[in-house]
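**Student:** This is the structure, below, for whatever I ask next.
Protein chains: 2
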Amino acid sequence: MVSNMQRSVSNFRLKAACSNCNLRELCLPIGLSIDEMQQMDDLSRLKRGYARGDYLYRSGDKFQSLYAIHSGSFKTQALHEDGREQVTGFQMHGEIIGLDAICTDHHTCEAVALENSEVCELPFNKLETLSRKFPSLQRHLHKIMSREIVRDQGIMLLLGSMRAEERLAVFLLSLSQRFAARGLSPTQFQLRMSRQEIGSYLGLKLETVSRSFSNFQDNGLINVKARSVELLDLPSLHSLVGKQL
Amino acid sequence: MVSNMQRSVSNFRLKAACSNCNLRELCLPIGLSIDEMQQMDDLSRLKRGYARGDYLYRSGDKFQSLYAIHSGSFKTQALHEDGREQVTGFQMHGEIIGLDAICTDHHTCEAVALENSEVCELPFNKLETLSRKFPSLQRHLHKIMSREIVRDQGIMLLLGSMRAEERLAVFLLSLSQRFAARGLSPTQFQLRMSRQEIGSYLGLKLETVSRSFSNFQDNGLINVKARSVELLDLPSLHSLVGKQL
DNA sequence: CATGGATTTTGACATATATCAAACCGGTTA
DNA sequence: TAACCGGTTTGATATATGTCAAAATCCATG
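Protein chains in written order, with the working numbering: chain A, 2 to 246; chain B, 2 to 246.
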């Protein structure tokens with residue numbers, strides 16, 4: 002085990018090492034030595050920018066790397082054979098995407114920038130090599146993958162058993178929480194995605210999303226005007242979730 | 002790289018080593034030496050039996066191990082705060098469950114035996130230790146987790162954009178394929194779960210599941226009587242999926 | 001600042017699925 | 001065999017969300 006002292010020191014250094022690529026997800030909870038840090042640092046030299054609408058990867062692309070979002074945000078969407086597509090997630094600063102591609106060596110969905118964004122490329126081979134050397138990194142990688150599974154199961158629950166307004170409330174509260182975790186306002190933010198994209202993610206048509214927004218506004222729960230949202234009554238939004246029927 | 006010769010030898014030995022616990026998922030694609038085999042073999046000594054209705058683990062349980070299903074089948078279900086529960090998957094022989102627990106060190110869903118079943122317990126610490134030593138095992142573990150993510154995204158697609166009969170068709174075809182992969186009939190099988198459980202998994206009420214079954218039967222696509230199912234027209238079932246509207 | 005295209009909102013109406021209720025069935029127990 | 005019980009099927013009706021269409025608004029660009 003690493004002592005507390007050691008850990009806090011290495012966490013400090015970690016921040017420095019990751020400063021060229023703020024790997025919140027990947028870095029924060031790990032306690033590494035300075036030498037280890039050095040190697041971690043080599044992992045993700047490549048930072049690349051993407052303009053709104055650019056593809057980070059497309060379905061079918063050969064899998065090489067995971068991507069840590071450094072700034073901006075993305076959506077991932079799965080494509081069905083019959084042409085249907087569905088948004089499977091919205092990712093923002095500090096989150097890792099590309100995990101779906103490991104199992105087939107090819108990406109099974111596509112990732113599109115919702116705004117101008119930067120990502121760090123994490124070559125998966127290197128990541129595996131390093132994580133064989135550093136148990137804490139190994140465990141952390143496993144946790145990231147597991148968290149993605151849990152997240153997906155939460156969405157399955159949402160899609161399988163919630164009504165439109167519950168889904169939207171869950172969506173807004175999740176955004177709120179994620180903004181808060183990044184030091185941004187939990188109650189006032191700009192949506193980076195269209196009604197259509199929200200609907201696709203929540204299993205609803207855009208008109209239903211729009212109506213639900215309007216209802217929330219009429220009931221004093223939120224202020225919404227196009228893509229700018231203000232959450233006025235978080236407790237009520239919370240309590241709205243789970244009111245079946 | 003391991004030569005083909007080597008790989009086929011080690012795969013042979015692998016079968017022997019895993020004979021006390023048929024780890025289809027975990028073992029098959031790995032090429033290991035005899036010594037490595039020995040260590041793998043030590044991994045999963047514990048095989049335990051569960052009767053229909055028994056819990057393999059419950060939500061909140063401390064995470065210790067993954068479980069490889071050796072015989073029988075299970076359902077996993079997530080519990081919502083408000084008491085709602087939703088089936089998130091049905092697992093059968095050779096599949097691994099428990100991946101959701103890695104990220105929080107506690108199980109976030111529960112696993113219940115659908116019939117009398119046996120599982121091999123895979124202590125996760127040991128699995129991590131071994132996978133640091135054996136890159137092929139490491140990669141395989143990553144693939145298993147990634148496959149779970151892809152599977153979940155498939156269900157999100159189903160829940161988010163398919164109509165009742167499409168969902169049921171996908172469900173039946175998936176079962177069919179999995180039975181086939183295990184050397185069982187892809188067209189004739191017994192369901193191990195109730196209409197209620199199928200409905201929960203597919204985001205439908207049991208009556209809707211029942212009606213969809215009946216419609217399929219009326220259209221000559223299947224024969225169904227209670228829990229025994231015969232798929233009569235696989236092509237039509239396939240083509241049914243993706244007919245939006 | 002004006003224009004035009006995309007996005008969003010709102011309305012009227014259609015429909016798939018949920019809900020409620022009753023009948024049916026198969027297996028188990030008395 | 002009869003009675004019973006959980007699970008399943010089927011029917012009648014209600015409702016949430018989808019569909020189609022028009023109006024309103026936003027935003028980028030000239």
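No residue lacks a Cβ here, since even glycine has one placed at the ideal position from N, Cα and C.
Only a predicted model underlies this, so the values are computations on that prediction, with no experimental measurement involved.
Using DSSP with H/G/I as helix, E/B as strand and the rest coil, what is glutamine 39 of chain B?
**Tutor:** In the structure shown, glutamine 39 of chain B falls within a helical segment according to DSSP collapsed to helix, strand and coil.
**Student:** Identify every residue that forms a DSSP beta bridge with methionine 93 of chain B.
**Tutor:** B/Ser74
**Student:** Going by the CB atoms, is the gap between arginine 183 of chain B and glutamate 129 of chain A shorter than 8 Å?
**Tutor:** Going by beta carbons, glutamate 129 of chain A and arginine 183 of chain B fall outside the 8 Å limit.
**Student:** Suppose the cutoff is 6 Å on Cβ atoms and the five residues either side in sequence are ignored; what does the same chain contact list for glycine 99 of chain B look like?
**Tutor:** Leu67, Tyr68, listed in sequence order.
**Student:** By a C-beta neighbour count over all protein chains shown, 10 Å radius and 16 as the cutoff for buried, is histidine 239 of chain A buried or exposed?
**Tutor:** Exposed is the label assigned to histidine 239 of chain A, since fewer than 16 other Cβ atoms lie within 10 Å of its Cβ.
**Student:** What are the residues of the region 192 to 208 of chain B that lie near chain A, defined by any Cβ-Cβ distance shorter than 7 Å?
**Tutor:** Gly204
**Student:** Have a look at A/Arg133, A/Leu138, A/Ser211 and flag the residue whose alpha-carbon is nearest the alpha-carbon of arginine 168 of chain A.
**Tutor:** Looking at the Cα atoms, A/Ser211 is the closest of the given residues.
**Student:** Could you work out which residue in A/Leu192, A/Gln218, A/Met163 is closest to leucine 176 of chain A when comparing CA atoms only?
**Tutor:** A/Leu192
**Student:** With hydrogens ignored, establish whether the beta-carbon of leucine 67 of chain B is closer than 7 Å to any heavy atom of the ligand MG.
**Tutor:** By its list of ligands, the structure shown contains no ligand whatsoever, and the ligand MG lies outside what it can speak to.
**Student:** With a threshold of 7 Å on Cβ separation, who are the neighbours of methionine 146 of chain A within its own chain once the five nearest residues in sequence on each side are excluded?
**Tutor:** Leu100
**Student:** Using the rule of at least 16 other Cβ atoms within 10 Å of the residue's Cβ for burial, across every protein chain shown, is glutamine 78 of chain A buried or exposed?
**Tutor:** buried
**Student:** Do we get a CB-CB distance below 8 Å when we pair isoleucine 103 of chain B with the residues of chain A?
**Tutor:** True, the Cβ-Cβ gap to chain A drops below 8 Å.
**Student:** In angstroms with no decimal places, state the Cα-to-Cα distance between serine 137 of chain A and glutamate 231 of chain B.
**Tutor:** 49 Å
**Student:** In its own chain, which residues sit with a C-beta less than 8 Å from the C-beta of lysine 226 of chain A, not counting the 5 before and 5 after it?
**Tutor:** Excluding residues within five positions, none has a Cβ falling inside 8 Å.
**Student:** With a threshold of 8 Å between beta carbons, is glutamine 154 of chain B in contact with chain A?
**Tutor:** yes
**Student:** According to DSSP, which residues form a beta bridge with glycine 99 of chain A?
**Tutor:** In the DSSP output, where bridge partners are listed per residue, glycine 99 of chain A has none listed.
**Student:** Is the beta carbon of isoleucine 70 of chain B sitting closer than 8 Å to the one on glutamate 96 of chain B?
**Tutor:** yes
**Student:** Counting pairs of beta carbons, one from the region 47 to 64 of chain B and one from the region 103 to 121 of chain B, are three or more of them closer than 8 Å?
**Tutor:** yes
**Student:** Could you tell me which of B/Gly90, B/Glu86, B/Gly61 sits nearest to serine 74 of chain B, measuring between CA atoms?
**Tutor:** Among B/Gly90, B/Glu86, B/Gly61, the Cα nearest to that of serine 74 of chain B is on B/Gly90.
**Student:** With leucine 44 of chain A and lysine 127 of chain A assumed to form a contact (beta carbons below 8 Å), what rounded beta-carbon distance in angstroms separates them?
**Tutor:** 5 Å
**Student:** Let me confirm a value: aspartate 153 of chain B is counted as buried when at least 16 other C-beta atoms fall within 10 Å, else exposed. Which label applies?
**Tutor:** Residue environment analysis places aspartate 153 of chain B among the buried positions, since at least 16 neighbouring C-beta atoms fall within 10 angstroms of its C-beta.
**Student:** Taking the alpha-carbon positions, what's the arginine 148 of chain A to aspartate 219 of chain B distance?
**Tutor:** 43 Å
**Student:** Skipping 5 residues on each side, what residues in its chain have a beta carbon closer than 6 Å to that of aspartate 62 of chain A?
**Tutor:** His108
**Student:** Straight-line CA distance for arginine 196 of chain A to glutamate 208 of chain A?
**Tutor:** When rounded, the distance between both Cα atoms is 8 Å.
**Student:** For the region 148 to 217 of chain B, list the beta strand (DSSP E) runs that are entirely contained and at least 3 residues long, ordered along the chain.
**Tutor:** Counting whole runs of 3 or more residues, the region 148 to 217 of chain B contains the beta strand (DSSP E) stretches 189 to 191.
**Student:** Looking at the strands, I want to know which residues DSSP matches up with cysteine 110 of chain B.
**Tutor:** B/Ala79
**Student:** For asparagine 23 of chain A, count neighbouring Cβ atoms within 10 angstroms of its own Cβ and tell me buried if that reaches 16, exposed if not.
**Tutor:** Low confidence applies here, because asparagine 23 of chain A scores a pLDDT of 49, under 50, leaving its location unreliable; read the following figure in that light. Classification of asparagine 23 of chain A: buried, given that the 10 Å Cβ count is 16 or more.
**Student:** Just reading off the alpha helix (DSSP H) that leucine 238 of chain B is part of, what are its end residues?
**Tutor:** 235 to 241
**Student:** Within the 8 Å Cβ cut-off, does leucine 182 of chain B reach chain A?
**Tutor:** One point to set straight first is that residue 182 of chain B is alanine, not leucine, in the sequence displayed. Not one chain A Cβ lies under 8 Å of alanine 182 of chain B.
**Student:** Mind checking which residues open and close the alpha helix (DSSP H) that includes glutamate 119 of chain A?
**Tutor:** From DSSP, glutamate 119 of chain A is part of no alpha helix (DSSP H) but of the beta strand (DSSP E) over 118 to 124.
**Student:** Quick check on the burial criterion: 16 or more other C-beta atoms within 10 angstroms. Buried or exposed for alanine 52 of chain B?
**Tutor:** exposed
**Student:** Quick one, which of A/Glu122, A/Ile150, A/Cys104 has its alpha-carbon nearest threonine 105 of chain B's?
**Tutor:** A/Ile150
**Student:** Could you run through the region 157 to 169 of chain B and flag, in chain order, every residue whose CB is less than 7 Å away from some CB of chain A?
**Tutor:** Met157, Leu158, Leu160, Gly161, Ser162
**Student:** List the residues of chain B whose Cβ lies closer than 7 Å to the Cβ of leucine 100 of chain A, in chain order.
**Tutor:** Ser147, Ile150
**Student:** Based on the DSSP output, what are the partners of alanine 52 of chain A in its beta bridges?
**Tutor:** Per DSSP, none; premise fails for alanine 52 of chain A.
**Student:** Report yes if the CB atom of serine 201 of chain B is closer than 8 Å to the CB atom of valine 88 of chain B, and no otherwise.
**Tutor:** yes
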